[in-house]
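Structure record follows, encoded as structure tokens.
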Amino acid sequence: MLLFLIVIGFVIGSVPFGLLIARIKGIDLRKTGSGNIGATNVLRAVGKVPALLTLIGDILKGTIAVALGGYFLDSRLMEGIVGLAAIAGHNFPLFLGFKGGKGVATSIGVLILFAPKAALITLALWLGVALITRYSSLGAIVSFGLLPLNVYLFDYTKEKLIISVIIASLLLIRHSVNIKRLLNGSESRIGERV
Numbered sequence: 035m036l037l038f039l040i041v042i043g044f045v046i047g048s049v050p051f052g053l054l055i056a057r058i059k060g061i062d063l064r065k066t067g068s069g070n071i072g073a074t075n076v077l078r079a080v081g082k083v084p085a086l087l088t089l090i091g092d093i094l095k096g097t098i099a100v101a102l103g104g105y106f107l108d109s110r111l112m113e114g115i116v117g118l119a120a121i122a123g124h125n126f127p128l129f130l131g132f133k134g135g136k137g138v139a140t141s142i143g144v145l146i147l148f149a150p151k152a153a154l155i156t157l158a159l160w161l162g163v164a165l166i167t168r169y170s171s172l173g174a175i176v177s178f179g180l181l182p183l184n185v186y187l188f189d190y191t192k193e194k195l196i197i198s199v200i201i202a203s204l205l206l207i208r209h210s211v212n213i214k215r216l217l218n219g220s221e222s223r224i225g226e227r228v
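Heads up, the sequence shown is in our numbering, so the first residue is 35 and it goes up one at a time.
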């Protein structure tokens with residue numbers, strides 16, 4: 035059952051909401067702005083409402099995967115693994131040649147059910163840093179970089195800590211190019227049109 039749910043989680047995570055929403059507007063996100071399929075690039079390329087719809091869709095991918103894991107499995111760790119499969123699906127989508135997004139919103143979606151206190155702290159940090167600096171990537175890097183510590187301090191179980199370390203590691207690896215751009219001053223800010 036676990037293997038089946040991992041596959042289902044990966045397929046759910048692979049649904050490219052940003053790409054589909056932008057395509058309705060006649061825009062190929064992979065050839066616009068950062069080339070990313072997430073909400074930040076949708077905001078730059080298409081606008082606020084499509085970006086919000088993308089954000090909601092990407093969050094739900096993680097939440098649905100964890101809900102399925104929780105319903106069918108009797109292990110918090112296995113439930114988290116199904117959530118990780120959805121994040122992996124978003125990052126390496128089956129339908130886009132395994133070239134996807136960074137996993138921020140889908141990771142938040144996983145945390146909402148898996149570690150709700152840590153999810154609130156992570157979301158607050160992400161939004162706070164992003165609003166102050168106008169760098170979505172910096173908000174993600176800071177908030178998820180602190181995720182394992184926040185889980186340890188405010189939402190601890192061994193299973194939650196293990197999954198949070200994996201989520202944080204995946205997200206930081208996916209943001210390696212953004213980190214380089216932040217350091218050399220070439221990272222795009224939120225709201226900059228392409």
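Backbone N, C-alpha and C define an ideal beta-carbon position, used for all residues, glycine too.
- Shortest Cα-Cα distance from SER109 to any of ALA202, MET35 and ILE71 involves MET35.
- With respect to the C-alpha of THR88, the residue from ALA149, LEU180, GLY47 and LEU39 having the closest C-alpha is GLY47.
- In the three-state reduction of the DSSP assignment, ASN70 falls in the coil class, being assigned neither a helical nor a strand state.
- Burial state of TYR105 is exposed, judged by a 10 Å Cβ sphere holding fewer than 16 other Cβ atoms.
- DSSP places SER210 in the uninterrupted alpha helix (DSSP H) bounded by 210–218.
- With contacts defined as CB atoms closer than 9 Å, LEU206 and ILE213 qualify as a contacting pair.
- DSSP, read as helix, strand or coil, puts THR140 in helix.
- C-alpha of VAL144 to C-alpha of GLU193: approximately 13 Å in a straight line.
- Judged by DSSP in its simplified three-state form, PHE126 adopts coil rather than helix or strand.
- Cβ atoms of ILE121 and ILE40 stay farther apart than 8 Å, at about 12 Å.
- Ranked by Cα distance from ILE175, the options ILE166, TYR186, LEU159 and ASN184 are led by LEU159.
- Taking 9 Å as the cut-off, the beta carbon of GLY67 is found closer than this to the beta carbon of SER222.
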